Each structure stands twice: as structure tokens, then as C-alpha cells.
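> Take this structure first; my questions come after.
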Amino acid sequence: MHQWKYIKIIEKYSQMKNHNDFILSQITDILKDVVSASVGIGSGIETYPLYDYIMQSVFLKMTGFQEQKMKCICWELATNDYEYRRVLLINEDKLGEYSSYPAKNKIYQQLIKQIKKYNSDFIVSSAIDNKNIVKKMILEIVEIFSNTNLSIWAQNDFNEFRNNKTLIQYKHFANNGTSLFENVLQDIYKFIYNHRNRCAHNTHSYQQNLPTLKTMANENYKYENYFVRFAILILIDKVFIELYNKYLNVLADGL
Numbered sequence: 001m002h003q004w005k006y007i008k009i010i011e012k013y014s015q016m017k018n019h020n021d022f023i024l025s026q027i028t029d030i031l032k033d034v035v036s037a038s039v040g041i042g043s044g045i046e047t048y049p050l051y052d053y054i055m056q057s058v059f060l061k062m063t064g065f066q067e068q069k070m071k072c073i074c075w076e077l078a079t080n081d082y083e084y085r086r087v088l089l090i091n092e093d094k095l096g097e098y099s100s101y102p103a104k105n106k107i108y109q110q111l112i113k114q115i116k117k118y119n120s121d122f123i124v125s126s127a128i129d130n131k132n133i134v135k136k137m138i139l140e141i142v143e144i145f146s147n148t149n150l151s152i153w154a155q156n157d158f159n160e161f162r163n164n165k166t167l168i169q170y171k172h173f174a175n176n177g178t179s180l181f182e183n184v185l186q187d188i189y190k191f192i193y194n195h196r197n198r199c200a201h202n203t204h205s206y207q208q209n210l211p212t213l214k215t216m217a218n219e220n221y222k223y224e225n226y227f228v229r230f231a232i233l234i235l236i237d238k239v240f241i242e243l244y245n246k247y248l249n250v251l252a253d254g255l
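Take the sequence shown: its letter number 137 is residue 137 in the UniProt record's numbering, and every next letter is one higher.
Pasting the structure below:
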């Protein structure tokens, strides 16, 4: 009987380690994989139709990766906090598919709340280096895609992302314990979420695929850019990795 109990405890902590490894893994690994997988395709004009197909696929893979990561974070928080377990089980926070901004913001708030249980002096704006997160995010995307067929196929979009120094600023996210994003990034995320739904539900199959001239002239059309979409998803990933590391540290100190 005691041996069986010991085995169950080992299984529990093994599962927790698997969750933690996944939560702390980098979403950029997906981009590295797609670059490696497509390197043999070439970049001739006959390959250009593959661009949207490949980028849409990797975009969906990234959003799915992040949704699963959000779920794992919630499961781990609920494992250590019975009150939050009740909130999660009765779906009080209405997290849905863990993909919308309100859902991710709820998890962001809860993660900070759990950290403050062990460290009441915790201030997110002091604990996270926002400038470094933005710098690394841009650098990683540029390094991953530079001189690849994927950036050649979408040269204008890639150059626009690489040269835009004000699109994503450090002061627009994780400044307090209540808002993951300020309004400007929330607006960008709406475009990303809408595109996620279009791809996931294949609405392109019965809706007009090509944007109108009026749509393209709109100032917000610059957000219809896969490199911008990737950047926002990477930004979210880095913030949650930073916070979850803080959570693991204060949890270990509190045991």
C-alpha cells in the first residue's frame, strides 16, 4: 500500500515537471522548425503560392501551442491553490479556448496574484525587463527569418516589421498587475485573434480572400502581417515565462 502511494507521488511530480518544462519552453522553436523544414523548397516565383499556406499553418501551430501553455499554467496554479482550483472547475473566469485577450489577461492576473501570496512586495514592472523582452523578440524574429525563402516571399512585410521601431514598445505591456497589454497592443491582438479564428474555422473558403483597396489603405492594415502576429505571440510567451519562473521561485521559497 505504501509502495503504491509512493509511486503515485512520483507520477504526480513527474507530470508537474513535464508541465513546467513545457511552460518554460520557447514558442520561437516552432519558427525555427518551419524555417528548417522549408529550406529545400527554394524561393523561385513558382514557390510563392506556398507562402500563405505555410505561414498560416505555423501561425495556427503557435496559437495552439500558446493555448496549451495557458492551460498548463492554470492547472499548475490550481494544483497549489485549492481556491483557484474551485474557480477553474466552475469556469468562473470563462477562459474558453484560452486564446482571447480577456482569457490571457485573466491568467496573467491570477499568476501575479499567486506570486504575491508568497511575496507581497512583488511589482511586475520591476520584476520584468520589458526593454530586454522587446529587444530579444525583434532580434529573434530577424535572425530566424533573415535570408530565408519565407522572408523573400514576403519581403515587404518582413522589411516593414524589421524597420518599424515603434510598433511594439516596452511601455505597452506588463506595466501593472491588472493589464497584460495597454490599449494599443490590445487593438493589435484583436487582429491576431480574428485571424486565428479565420484560419481555425477556414472562413476563407467561403469569404472573399483578397482585401479590397479600401482595406489595404486603412492604417490598421499594417497589422495584417505574419511577422507582427508572430511578434505579439512571442511577446506574450516571454512575459509568461518570466512570470512563471518568478512563481516557481517564490513557491520553492515558501515550501
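No residue lacks a Cβ here, since even glycine has one placed at the ideal position from N, Cα and C. Bear in mind that the values here come from a model prediction, so they are computed numbers and not experimental data.
What are the residues that DSSP puts in a beta bridge with Phe181?
Partner(s): Phe173.
> Under 6 Å from any heavy atom of the ligand FAD, does the C-beta of Ala200 make it?
Absent from the structure shown: the ligand FAD. Ligands present: none.
> Give the straight-line distance between the Cα atoms of His19 and Gly44, rounded to the nearest whole angstrom.
Near 42 Å, if we compare the C-alpha coordinates of Gly44 and His19.
> Under the rule that 16 or more other beta-carbon atoms within 10 Å means buried, what is Met216, buried or exposed?
At Met216 the pLDDT is 48, less than 50, meaning the model places this residue with poor confidence; the figure from the coordinates comes in the next sentence. Result: exposed.
> Can you tell me whether DSSP reads Lys94 as helix, strand or coil?
Coil at Lys94, not helix or strand.
> Taking Cβ to Cβ, would you say Lys32 is nearer than 7 Å to Ile144?
Yes, the pair counts as a contact, with Cβ atoms nearer than the cut-off.
> Verify whether the separation of the beta carbon atoms of Ala174 and Ile128 is less than 7 Å.
In contact: Ala174 and Ile128 (Cβ atoms closer than 7 Å).
> Beta-carbon within less than 7 Å of Ala200's beta-carbon, same chain only, minus the 5 sequence neighbours each way: which residues are those?
Taken in chain order, the residues that qualify are Leu60.
> With a threshold of 6 Å on Cβ separation, who are the neighbours of Lys116 within its own chain once the five nearest residues in sequence on each side are excluded?
The answer, listed in chain order, is Phe122.
> For Asn119, which residues in the same chain have their Cβ closer than 7 Å to its Cβ, ignoring the five residues on either side in sequence?
Result list for Asn119: Val250, in chain order.
> Taking Ile236 and Gln66 to be in contact with their CB atoms under 8 Å, please state how far apart those CB atoms are, rounded to whole angstroms.
Confirmed, about 7 Å.
> Terminal residues of the continuous alpha helix (DSSP H) containing Phe240?
Where Phe240 is concerned, the enclosing alpha helix (DSSP H) stretches over 226-254.
> Tell me whether His201 sits in a helix, a strand or coil according to DSSP, three-state version.
DSSP places His201 in coil when its eight states are reduced to three.
> Could you tell me the alpha carbon to alpha carbon distance between Leu77 and Gly42, rounded to whole angstroms?
When rounded, the distance between both Cα atoms is 45 Å.
> Closest to Thr28 by CA distance: which of Asn183, Met62, Asp52 is it?
Minimum Cα distance to Thr28 is reached at Met62.
> Given this structure, state the Cα-to-Cα distance separating Gln232 from Glu46, to the nearest angstrom.
The sequence shown places Ile at residue 232, rather than the Gln named in the question. Each residue's alpha carbon lies about 30 Å from the other.
> Can you name, in chain order, every residue of its own chain whose Cβ lies under 7 Å from the Cβ of Asn225, other than the five neighbours on each side?
Around Asn225: Asp157, Glu160, Phe161.
> Quick one: give me the first and last residue of the alpha helix (DSSP H) that Lys76 is part of.
Reading the sequence as shown, one finds Glu at residue 76 and not Lys. Here the alpha helix (DSSP H) through Glu76 covers 50-80.
> DSSP three-state label for Asp121, please.
Note: Asp121 maps to coil in three-state DSSP.
> Judging by CA-CA distance, which residue of Lys246, Val228, Ile112 is the nearest neighbour of Asp187?
Considering only alpha carbons, the answer is Val228.
> Whole angstroms is fine: what's the gap from Val124's alpha carbon to Ile54's?
Taking the straight line joining both Cα atoms gives about 36 Å.
> Less than 7 Å between C-beta atoms, sequence neighbours within five positions excluded: which residues of the same chain meet that for Lys71?
Once the five neighbours on either side are set aside, the close Cβ partners of Lys71 are Tyr98.
> For Asn132, is the classification buried or exposed, using 16 other Cβ atoms within 10 angstroms of its Cβ as the cut-off for buried?
When all chains shown are included, Asn132 counts as exposed.
> With 16 other CB atoms within 10 Å as the buried threshold, where does Lys214 fall?
The predicted model places Lys214 with a pLDDT of 48, which falls under 50 and marks its position as unreliable, so this point remains unresolved.
> Just checking my contact of Asn245 with Leu24 at CB under 8 Å: how many whole Å lie between their CB atoms?
Correct: roughly 7 Å between the Cβ atoms.
> Please say whether Val35 and Thr148 have beta carbons closer to each other than 7 Å?
Yes, the Cβ-Cβ distance between Thr148 and Val35 is below 7 Å.
> Assuming His195 and Val184 form a contact by the criterion Cβ under 8 Å, report the distance between their Cβ atoms to the nearest whole angstrom.
Incorrect: roughly 18 Å between the Cβ atoms, too far for contact.
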